[in-house]
Amino acid sequence: MTDYRLKCISCEKEYEPERSLYYCQECGPLLGTLEVIYDYDKIKIGHSFSKNAGITQFKDLLPVNFQTNMDSFVGGTPLIKLRKIFGTDEMMIKFDGVSMSGSYKDRASIIAINKAMEYGFDTIFCASTGNAASSLAILSAHTRLKTYIFVPSTIPKGKLVQLIAAGAIVLPLIGTYDEAFDISMDIGLKKGWYCRNSAINPYLLEGKKTGAYEIIVQNDYKVPDFCFVSVGDGTVVSSLFKGFMEFERLGITDRMPRIIGVQAEGASTLKKVFEKGKPYTPIEEKVHTLADSISVGNPRDVIKACKYMEKYEGELISVSDEEILQGIMMLGSTTGVFSEPAGAAAFAGYQKMMGDGRIASRQSVCLVITGNGLKDIHAVENAVNVNNYKKEEIYNILEGGLI
Ligand SMILES: Cc1ncc(COP(=O)(O)O)c(C=O)c1O
Ligand SMILES: [Zn+2]
4 MTDYRLKCIS CEKEYEPERS LYYCQECGPL LGTLEVIYDY DKIKIGHSFS
54 KNAGITQFKD LLPVNFQTNM DSFVGGTPLI KLRKIFGTDE MMIKFDGVSM
104 SGSYKDRASI IAINKAMEYG FDTIFCASTG NAASSLAILS AHTRLKTYIF
154 VPSTIPKGKL VQLIAAGAIV LPLIGTYDEA FDISMDIGLK KGWYCRNSAI
204 NPYLLEGKKT GAYEIIVQND YKVPDFCFVS VGDGTVVSSL FKGFMEFERL
254 GITDRMPRII GVQAEGASTL KKVFEKGKPY TPIEEKVHTL ADSISVGNPR
304 DVIKACKYME KYEGELISVS DEEILQGIMM LGSTTGVFSE PAGAAAFAGY
354 QKMMGDGRIA SRQSVCLVIT GNGLKDIHAV ENAVNVNNYK KEEIYNILEG
404 GLI
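Using the working numbering, the letters of the sequence shown correspond one by one to residues 4 to 406.
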């Protein structure tokens, strides 16, 4: 662990870390999300990281002392490098669908679990569109922490079963993710449980930023020109900005990639806030998309994401559910990477920008695929047509060269 302080994203007031400090006391939970800050001059690291190791190799850049049995199994996901594909000479796919629980959220959950243990909590809770919850449940299963999960009752079955199998106490709410978030805050904080809610817990982003570190290390310390990732609350995209920014600040790299956040057309609240311009003012909307993980109408990290977008010239784009579905099939059939809808939104966003002629074939592209397709089979069922055959029909079809 490295010494750190917490800084309000809006008023920039600095705080010493405390057991139950989640957001700036003056700006409140939405405007006053906190960011972990370090004295970078005191951090001495070089190009010494391993391409295969997990998140613990970055301990000198994280605000936590690792102490669980699962720590070393988080991170270290593959960076699949492909040449001359989808119109670009150099494509990279950072695939976090193969992590312990099958999503990028493991990077955050392991940090929250370690923090809860450090501060002596016996219970941890989170509200989630599904993945944060299943990663928290799976990674805390072996600890003494009791785990309460608030999710919308519509979450994909795969994610629900994952939660139950991991022994979490699940409270599916007949309502939206945004409502589950509010109720979890009300109950969890009153009960004195440790909060692993996106944006509210400042340490989650620190875990997530390791995805950016790994992209650099696994790409031989070269910075991709573009990096695409899907956006709901805005924490994952902010974490990529911070991770790439820190490696640049520490002299490990010499530039930032162009980061493109991709939202679903039916759930593009963060994009709207960013495009309206400064002062960034949160709005709340009713949203709908088949990409359940990014179906967020009241994004909790909206200020941070907008500020990072502005500072490092990022961009937010949106894609239709149809484009996401096509993206799942094309990504799967061309690369073998089977993504859940939210993950494939990143690919659909890339295709859109490429189609608009905004990316040159010589420019390198990294797609961050944040979740495994097996988590939400239902979403793609309609795009998959399968015929069943009798034995003799199979012989006939193949002998007749019909398939
Ligand atoms: C698979 C997947 N992709 C992307 C996201 C978006 O992350 P954020 O809500 O931090 O923007 C999530 C969040 O739940 C997710 O589960
Ligand atoms: Zn503040």
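Positions of the beta carbon are idealized from the N, C-alpha and C atoms, including for glycine.
N117 sits in a helix when the DSSP states are folded into three classes.
Non-local beta-carbon contacts of V322 in its own chain, meaning distances under 7 angstroms to residues more than five positions away in sequence, involve V265, A267, E268, A348, A351, G352, K355 in chain order.
Taken atom to atom, the span from the alpha-carbon of K160 to that of K378 is near 8 angstroms. Shortest gap from the CB of E15 to any heavy atom of ligand 2: under 8 angstroms. Secondary-structure assignment with DSSP links K10 through a beta bridge to E17, E38. At least one heavy atom of ligand 1 falls within 8 angstroms of the beta-carbon of E343.
When beta bridges are read from the DSSP output, T292 appears opposite no residue.
Look at the beta carbons and you see the stretch 107–119 not touching the stretch 378–392: under three pairs across the two are nearer than 8 angstroms. One thing to note: S137 has its Cβ within 9 angstroms of the Cβ of A169. Between R22 and G123, the C-beta gap is smaller than 9 angstroms, which places the two residues in contact.
Counting only residues of its own chain and dropping the five nearest sequence neighbours on each side, G335 has a CB closer than 8 angstroms to the CB of F341, S342, G376. For the 9 angstroms CB-CB criterion, K212 and L243 form a contact.
The bridge partners DSSP lists for E287 come to none. Counting only runs of at least 4 residues, the stretch 87–147 fully encloses the following alpha helix (DSSP H) elements, listed from N- to C-terminal order: 109–121, 134–143.
If you look at L174, you'll find it in the beta strand (DSSP E) that goes 172–176. Between H145 and the set K393, Y26, M73, I40, the nearest pair of CA atoms involves M73. Rounded to whole angstroms, the separation of the alpha carbons of E251 and F61 is 15 angstroms. A Cβ-Cβ separation of about 5 angstroms places L370 in contact with F231 under the 8 angstroms criterion. Distance from the CA atom of V220 to the CA atom of K307, rounded to whole angstroms, is 25 angstroms.
E29 has its Cβ nearer than 8 angstroms to a heavy atom of ligand 2.
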